[in-house]
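Residue numbers (the numbering used here), protein chains in the order written: chain H, 13 to 381; chain Z, 2 to 349; chain F, 26 to 478.
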């Protein structure tokens, strides 16, 4: 970066200017992915038809030329509209909002713990939320009211590892190793409990692969609205906290001396991260590493200011999960693999890369070089 | 710049930040909710004319389906069996299978079944790890028949997203299999007579078997110990506990299940315990040469089972599908099992 | 003097059972730079933390502008008090200008984003610490000293009436240490702020602070102006260090020169320009105190005749005292006698240590007889009961003879040192033949406070 001359008004930031550029670029990417993803799936639908369907349905039928130009059978068209607009679009929107919630959660946790390896999955939050949600299925409680009770159960489930992790972090031993080992242990614990649920009630019909590896098949417009509102609430809590999160990086004492109540802020942020994670996981199952990768990508391109990292981590997380969903649909023909597999694949590689960049003292070398 | 006088607090902005946030939330929440509701509540596309019938399936779900649908998707081999025996094979437009990079039908249906039901050119839709609901919808079926092996998530997609009627057949007892035949005939009145005949056959088979079984016990005849196993590993033999189909079959065939003390429906019995019991008959399930159905062993593998050579009972291979898939074929297998266990006993 | 802006009254801070701060009362006033000094663990950091609201006091109170600190909201505190710790966590790749902008956080409701424009508080702070060229660099890429200065800039940018700085000069080179403290002093005086710095370097504290508070084991042991507070006794009591107090002739401010235990270079002594030498007679280690004491007082000293390898000889060598030496156990040669007589003649006074006398060094005493009436001779008394005459009473006889001729007996070396130093200073110019009366009739000064350096 060029050094500022004496008396220069501000940092001539390529990073400052590019926040606007990044927002526009991100929006364009999202749009392109949405349209592209709508054309991906086990059933082959011509892309022209896909575009027409999107335009037709999105405008409430006002699109001239109808939904399926060039398609003879109207029943075929009706089915394809259902497939594209009722199945695929909600699934890809779920990827965007759930990925956004996970990305935002990961960025928040990395800020709170001042640790670039923090991630809702690695810390065990996702597995706890999945356990809470699947407990509901297994024991058949309130089976009817999925809309409210399911995210609530997931949230409560996520609070358990959240509390344990907060306690582990507050004991003074904030080393990344301690936190991650706690998360590993919690993940293993919850996975085993989940598996025993299946033993207990095989007719409970929870395929383990959904809860342990994730999937976007449970998507509908209602579910999208629910996750989107969770993202909104979490985002509202976090709006304006970016500046305080920046100060938290200086340590709780300096932050306090600058007017930030570090303890209250930490509690609030972890609560927000748990809510975001639970809201996503309740409908996608355990999808890992989104919260790890998205904030890092943002930090490398836009700098470490949390006022920017938080919103862009949400955007990047959504894009990441949507791309993973697309990969999950095409990598094996006619088969949709669990979406947690591509995220784990990419995320684990990224995680190993991060680990090997740490210097001997354990600090992460040049995070945003 | 002037030194900040700490005595005066900074001027508060005219509209509180909290107010702005709450307002934004309300606006955004209402828009999202409204949009979602609009799309969710749109009238369903293909209602399809014609009469309907309402049934209650094995999981207690009330389902309204078209009467005698011409296009049916069947996601379980046992249900294919039922439809075939009711003469409804031609209604099946696709079956479920464990699709993989190499093949489909042969991963789920034995060669016998494929031949018997004419499935070699049948359309196959994967149900693992995720059900191909798009593919099902694209076939525009009038009905989907599935078992509890299909996930709730997938069933939800079929019913909520594609508005397809899904009837779940999940018998837990041999009598339940008969009940399912009756249920299918409710949906397909054209098969009423076939159904009546099939039900009669099944019920009489069951009754005969039960009668002979009673004769055995009152007559003081021997009920030989039976190990019915479908898989093994170094620890022991996978078999059927009380309450499972396999246990009922053994019982009705006049045998005594060595695994009657095992508390689970499907459990692994310790090889040493099996050796201790020295069952008179070892019925081992063989599958076809399918590398993906890892729970089932091929005939040449069984001799490597633990203590195989020390087991003195009569070892008889049986078709594994006959004992694992709850279908009419399972009930009709009973006389065969009886013969195996009591070779010289009078049947029928 | 105005009311104190921050007042600690009997404040006690406990970490578990241990009291890191015990009933400490300190007033912090505008317009002055207050230095906190004390050894490690004395409570300096704890005091700053408590006054900044980062520790709870279990007893006593801390008030800011009369209000209880604990009752002030965090934002209000942040606009009144800035705090800089000794160390901070490594942190992220933040540009320096943003980092300093963090100091503007308490004013975000008024200012919005931090004012980093030219002439704004951030740029001014950067200029003060001479880091304005580094505004775009990442704090991570800075050296230890640069980062320290940037942290200081952040605290300056906070523009508070009170600043608490814990070791702000750590990691800084001497130039930047002086610049920083000078800037802080200017801020205190011209900007009418209260600046409190915890410092390890007492001389920096003496030079820049208006008032100094010395802590030891959580308690205030001294308070006042540096010139009044800093003394070798204080250094010895609180830090356990032996030091010499000098005064900077230009500023009149004190500075301390700690003495390391005689390994290493001898600390510089004031050149004994104008005094004639005092001659010390000794041997067997008896004259060490005399030699050291006199040299410390800046008196020119000569010694002899001392045997080689004697303890006194080694001390004399170390102190660069011209000495007549002789082979051990050899009788004093004619050459040595000549040299001795020459030294005696050039001296203004003679001090005789209580050395053991044998045949080989009896001449040390006998040679004094002729000069005893011309020069003041001070005899340090032997400790009672110690046998020191190994020449069958001839040493004692010479001793008595010297007294008869006007030599004066003093009870210990210290007295001898003061007396002879007085005499040395009292006769700066070329000697006139001193008569008995002239030199010794003048009443010796009372054993009052020793003249400082």
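A virtual CB, placed ideally from N, CA and C, is assigned to each residue, including glycine. Bear in mind that the values here come from a model prediction, so they are computed numbers and not experimental data.
Closest residue to residue i among the options (Cα-Cα distance)
| i | options | result |
| --- | --- | --- |
| residue 340 of chain H | H:44, H:42, H:52 and H:127 | H:52 |
| residue 134 of chain Z | H:273, H:91, H:209 and H:79 | H:91 |
| residue 338 of chain H | H:104, H:271 and H:369 | H:104 |
| residue 342 of chain Z | Z:166, Z:316, Z:123 and Z:36 | Z:316 |
| residue 379 of chain F | F:352, F:392 and F:306 | F:306 |
| residue 57 of chain H | H:96, H:302, H:281 and H:70 | H:96 |
| residue 362 of chain H | H:190, H:301 and H:161 | H:301 |
| residue 285 of chain Z | Z:324, Z:63 and Z:201 | Z:324 |
| residue 367 of chain F | F:303, F:428, F:412 and F:383 | F:303 |
| residue 333 of chain H | H:109, H:234, H:254 and H:32 | H:109 |
| residue 347 of chain H | Z:79, Z:227 and Z:126 | Z:126 |
| residue 67 of chain Z | Z:144, Z:177, Z:21 and Z:288 | Z:144 |
Limits of the unbroken beta strand (DSSP E) element including residue i
| i | result |
| --- | --- |
| residue 400 of chain F | Element bounds for residue 400 of chain F: n/a, residue is neither H nor E. |
| residue 304 of chain F | 303-306 |
| residue 122 of chain Z | From DSSP, residue 122 of chain Z is part of no beta strand (DSSP E); its letter is neither H nor E. |
| residue 96 of chain Z | 93-98 |
| residue 319 of chain Z | 315-320 |
Run of the alpha helix (DSSP H) containing residue i, from where it starts to where it stops
| i | result |
| --- | --- |
| residue 287 of chain Z | No alpha helix (DSSP H) contains residue 287 of chain Z, which is instead part of the beta strand (DSSP E) from 282-287. |
| residue 80 of chain H | Note, residue 80 of chain H: premise wrong, no alpha helix (DSSP H); not H, not E. |
| residue 39 of chain F | No alpha helix (DSSP H) contains residue 39 of chain F, which is instead part of the beta strand (DSSP E) from 31-40. |
| residue 124 of chain F | 121-126 |
| residue 249 of chain H | 233-250 |
| residue 296 of chain H | 274-296 |
Pairwise C-alpha distance: residue j and residue i
| i | j | result |
| --- | --- | --- |
| residue 41 of chain H | residue 68 of chain H | 21 Å |
| residue 227 of chain H | residue 163 of chain F | 41 Å |
| residue 306 of chain H | residue 126 of chain H | 16 Å |
| residue 37 of chain H | residue 43 of chain H | 10 Å |
| residue 334 of chain F | residue 365 of chain F | 19 Å |
| residue 174 of chain F | residue 35 of chain F | 34 Å |
| residue 82 of chain F | residue 251 of chain H | 35 Å |
| residue 205 of chain Z | residue 183 of chain Z | 15 Å |
| residue 1 of chain Z | residue 159 of chain Z | Because chain Z spans 2 through 349 in this model, residue 1 of chain Z falls outside it and cannot be assessed. |
| residue 99 of chain F | residue 187 of chain F | 15 Å |
| residue 268 of chain F | residue 257 of chain F | 5 Å |
| residue 157 of chain Z | residue 230 of chain H | 8 Å |
| residue 123 of chain H | residue 211 of chain H | 39 Å |
| residue 418 of chain F | residue 246 of chain F | 55 Å |
| residue 230 of chain F | residue 37 of chain F | 25 Å |
Interface residues of chain A facing residue i [CB-CB closer than 9 Å]
| i | result |
| --- | --- |
| residue 110 of chain F | Absent here is chain A; the protein component of the structure consists of chains H, Z and F. |
Taking contact to mean at least 3 C-beta pairs separated by less than 8 Å, is the region 117-128 of chain F in contact with the region 315-327 of chain H? yes
For the region 227-260 of chain H, enumerate the residues whose C-beta is nearer than 8 Å to any C-beta of chain Z, in chain order. 227, 229, 230, 232, 233, 234, 236, 237, 240, 241, 244, 245, 248, 251 and 252
Contact between the region 65-72 of chain F and the region 44-51 of chain F is defined here as three or more beta-carbon pairs at a separation below 8 Å; is this criterion met? Touching, yes.
Output needed in chain order: residues of the region 139-156 of chain Z with a Cβ under 7 Å from some Cβ in chain H. 139, 141, 149, 152, 153, 154 and 155
Could you tell me whether the region 317-327 of chain H touches the region 191-201 of chain H, using the rule of 3 or more Cβ pairs below 8 Å? These segments do not touch.
Where the region 68-98 of chain H meets chain Z: residues whose CB sits under 9 Å from a CB there: 69, 72, 87, 88, 90, 91, 92, 93, 94, 95, 97 and 98
So, does the region 276-295 of chain H touch the region 232-245 of chain H, judging by three or more C-beta pairs under 8 Å? Cβ pair count under 8 Å is three or more, so yes.
Assess contact between the region 211-225 of chain F and the region 130-145 of chain F, defined as three or more Cβ pairs (one per stretch) separated by less than 8 Å. Is contact present? no
The region 106-119 of chain H / the region 77-84 of chain H touching (three or more Cβ pairs under 8 Å): no
Tell me whether the region 254-264 of chain H and the region 108-117 of chain F touch, counting them as touching only if at least three CB pairs, one residue from each stretch, are closer than 8 Å. Here the region 254-264 of chain H lies against the region 108-117 of chain F, with 3 or more beta-carbon pairs under 8 Å apart.
Between the region 267-294 of chain H and chain F, which residues of the former have CB atoms less than 8 Å from a CB of the latter, in chain order? Result list: 268, 269, 270, 271, 272 and 273.
Tell me, please, whether the region 235-249 of chain Z touches the region 263-272 of chain Z by the rule of three or more beta-carbon pairs shorter than 8 Å. yes
Okay, do the region 162-175 of chain Z and the region 119-132 of chain Z touch, 3+ Cβ pairs below 8 Å being the bar? Contact between the region 162-175 of chain Z and the region 119-132 of chain Z is absent: fewer than 3 CB-CB pairs across the two stretches fall below 8 Å.
Spell out a yes or no on whether the region 103-121 of chain Z and the region 149-165 of chain Z are touching, meaning 3 or more CB-CB pairs, one atom from each, closer than 8 Å. no
Is the region 270-285 of chain Z in contact with the region 301-313 of chain Z, if contact means three or more CB pairs nearer than 8 Å? yes
Residues from the region 335-346 of chain H in contact with chain Z, defined by Cβ distance under 7 Å: Within the region 335-346 of chain H, the residues whose Cβ lies closer than 7 Å to some Cβ of chain Z are 344 and 346, listed in chain order.
Are the region 26-37 of chain Z and the region 137-147 of chain Z in contact at 8 Å, needing three or more beta carbon pairs? no
Take every Cβ of the region 383-396 of chain F, pair it with every Cβ of the region 320-328 of chain F, and state whether three or more of those distances are shorter than 8 Å. no
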